[in-house]
Amino acid sequence: MRSWLLSNPGGRARRYGPFLVWATWFIFAWATLIVLGDFADEALDHWETSLAMLFGSYVAGSTPMGGGTVGFPVLVLILGTTAELGRQFSFAIQAVGMTSAAIFIVCSGRPIAIRLMLWAMAVSAVTLPVVATWVVPLLPESVVKLAFACIWGSFGILTIVKLGELRHMHRLTRLPARVDAVAGVAIGIVGGTASALTGVGIDMIAYTVLVLLYRCDLRVAISTSVLLMAWNSLVGLLTEATLGRLSSEVLYHWLAAAPVVLAGAPLGALALQIIPRLPTMIFVAALCLVQLVWMCVHVGVGWAAVGGVVAAMLVANGVFHLLYVSGKRIAATAGQGDSSSVVSSSV
């Protein structure tokens, strides 16, 4: 099981030292940028973004959904920005919030599906830049918006239908290393593509595979998905910067919300260990379905597009069901990992 789980037990003060160093350095760097760049007025003018990310950062740390899951629809549906800006902001803000949550999770010694995660990281580091460079510029903005809606609408349906059963899982099916590799590569390709299109997605894909195929404890699955999304956010932000696509407006939204997510995402990760998961996940699932309908209305889709959205969600949930059936069959024949090996360390 050592190849599966990453754990870092130790004294509390020593364990959280890296997180405190990161948070201190970031606040200093953010304040320096505000002062030297004279960006205080711009940051204050974008207060709506920081308000939205109060909730978005909690979602990022406590669920398998990046902060961009809130940031993207807020910017696109409420503030009226483009899908491109919403995607870029998702990368930028998650590069802070998800990274903060990831460092906090590693410092706390929580179990991580390390082997699968490393495969997914390696593959998505190639997939995301390729799709962002050569595919995204060819797609109409409405396609990007509907892709976001379909991804999270499908996840909302999955959560509502299966959470009652999945929340009771506290173990992990032992699968061969080659299965970890295949699953990690698939997550990297599908999740990297989703992230390139919308700024989020690999976290949900990883979580879905872990809970449906591996029958994994939700906390392990969520922690793993947070680390993956943090990595993809950094890769995505670097890709957008290298391509020269980042605008000053992205910077202003980021300056307004960055300090909020720096603390909010780790607090969400902490809340994952304290607050019951069921109410949070049901609430988030409901939001996914609401934004699906809202995005379709916002885009003004015709009946043909509605049919495409429904078909895409049926295909996605069909794949989810196949993973669920396969995981149940494998769990019955292969046995389960020790529950003690996936229980989170105390914080």
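If you're matching positions, the sequence shown starts at -18 in the working numbering and goes up one per residue. Glycine included, each C-beta is placed from N, C-alpha and C at the ideal position. None of the values given here were measured: they were computed from a predicted structure.
Would you say residue 79 and residue 48 are within 8 Å of each other, going by their C-beta atoms? Locating residue 79 in the sequence shown gives position 98, counting from the first residue. Locating residue 48 in the sequence shown gives position 67, counting from the first residue. A contact, by the Cβ cut-off of 8 Å.
Am I right that residue 24 and residue 15 are in contact with their C-beta atoms under 8 Å? What's the rounded C-beta distance? Reading the sequence shown from its first residue, position 43 is the one you call residue 24. Reading the sequence shown from its first residue, position 34 is the one you call residue 15. 6 Å between Cβ atoms; contact.
Where does residue 273 land, buried or exposed, given buried means 16+ other C-beta within 10 angstroms? One-based indexing of the sequence shown puts residue 273 at position 292. That one is buried.
Sequence-distant residues of its chain with Cβ nearer than 6 Å to residue 76 (five each side left out): Reading the sequence shown from its first residue, position 95 is the one you call residue 76. Here the set comprises 214, 215, 218.
When you compare the region 153 to 172 with the region 284 to 293, are there three or more beta-carbon pairs, one atom per stretch, that lie closer than 8 Å? no
CB residue 71 to CB residue 280, shorter than 8 Å? Along the sequence shown, one-based indexing puts residue 71 at 90. Along the sequence shown, one-based indexing puts residue 280 at 299. Not in contact: residue 71 and residue 280 (Cβ atoms no closer than 8 Å).
Starting from the C-beta of residue 125, find all residues in its chain whose C-beta is less than 6 Å away, skip the five residues before and the five after it, and write them out in chain order. Translated into positions along the sequence shown, residue 125 becomes position 144. Once the five neighbours on either side are set aside, the close Cβ partners of residue 125 are 64, 178.
For residue 1, which of helix, strand or coil comes out of DSSP? Here the question's residue 1 lines up with position 20 in the sequence shown. Three-state DSSP puts residue 1 in a helix.
Are the beta-carbon atoms of residue 7 and residue 247 separated by less than 8 Å? The sequence position of residue 7 within the sequence shown is 26, counting from 1. The sequence position of residue 247 within the sequence shown is 266, counting from 1. Taking 8 Å as the Cβ cut-off, residue 7 and residue 247 do not qualify as a contacting pair.
Does DSSP put residue 197 in a helix, a strand or coil? Within the sequence shown, numbered from 1, the residue matching residue 197 stands at position 216. Here residue 197 sits in coil by DSSP.
Nearest-angstrom Cα distance between residue 259 and residue 231? Within the sequence shown, the letter at position 278 stands for residue 259. Within the sequence shown, the letter at position 250 stands for residue 231. Straight-line Cα distance between these residues: approximately 34 Å.
Could you give the DSSP three-state label for residue 44: helix, strand or coil? The residue you call residue 44 lines up with position 63 of the sequence shown. If DSSP states are grouped into helix, strand and coil, residue 44 belongs with coil.
Residue range of the alpha helix (DSSP H) that residue 155 falls in? Taking the sequence shown and counting its residues from 1, one reaches residue 155 at position 174. Where residue 155 is concerned, there is no enclosing alpha helix (DSSP H), given that its DSSP letter is neither H nor E.
From the DSSP output, in three-state form, read off residue 254 for me. On the sequence shown, position 273 is the one that residue 254 refers to. DSSP places residue 254 in coil when its eight states are reduced to three.
For residue 290, which three-state DSSP category applies? Residue numbering aside, residue 290 sits at position 309 when the sequence shown is read from its first letter. Here residue 290 sits in helix by DSSP.
Complete runs of the alpha helix (DSSP H) confined to the region 9 to 36 [at least 4 residues]: 21 to 26
May I ask you to verify whether the region 220 to 237 touches the region 126 to 142, counting CB pairs closer than 8 Å and requiring at least 3? no
Could you give the DSSP three-state label for residue 226: helix, strand or coil? Taking the sequence shown and counting its residues from 1, one reaches residue 226 at position 245. Residue 226 falls in the coil class under three-state DSSP.
Under 8 Å between C-beta atoms of residue 140 and residue 33: Here residue 140 corresponds to residue number 159 of the sequence shown, with the count starting at 1. Here residue 33 corresponds to residue number 52 of the sequence shown, with the count starting at 1. Against a cut-off of 8 Å, the Cβ pair of residue 33 and residue 140 comes out as no contact.
Who are the near neighbours of residue 110 in its chain, counting only those whose CB is closer than 6 Å to its CB and skipping five residues on each side? Residue 110 sits at position 129 when you count from the first residue of the sequence shown. So the qualifying residues of the chain are 220.
Note down, one range per segment and in chain order, each alpha helix (DSSP H) of at least 4 residues found wholly within the region 103 to 167. 122 to 147
Helix, strand or coil for residue 249? Go by DSSP, reduced to three states. Position 268 of the sequence shown holds residue 249. If DSSP states are grouped into helix, strand and coil, residue 249 belongs with the helices.
So what does DSSP say about residue 78, is it helix, strand or coil? For the purposes of this step, residue 78 is taken as the residue at position 97 of the sequence shown. Residue state, collapsed to three classes: helix.
Which class does residue 89 belong to by DSSP, given the choice of helix, strand or coil? Here residue 89 corresponds to residue number 108 of the sequence shown, with the count starting at 1. It is coil, neither helix nor strand.
Find the nearest neighbour of residue 92 within the set 134, 0, 205, judged by alpha-carbon distance. Here residue 92 is taken as the residue at index 111 of the sequence shown, counted from 1. Answer by Cα proximity: 205.
Provide the residue span of the alpha helix (DSSP H) that contains residue 49, from first to last. Position 68 of the sequence shown holds residue 49. Counting along the chain, the alpha helix (DSSP H) containing residue 49 begins and ends at 49 to 54.
Cut-off 6 Å between Cβ atoms - residues of its own chain near residue 54, not counting five sequence neighbours on either side: Taking the sequence shown and counting its residues from 1, the one referred to as residue 54 is at position 73. Excluding sequence neighbours, residue 54 sits near 272.
Since I believe residue 161 is in contact with residue 96 (beta carbons under 8 Å), could you give me their beta-carbon distance rounded to a whole number of angstroms? Within the sequence shown, numbered from 1, the residue matching residue 96 stands at position 115. Within the sequence shown, numbered from 1, the residue matching residue 161 stands at position 180. Confirmed, about 5 Å.
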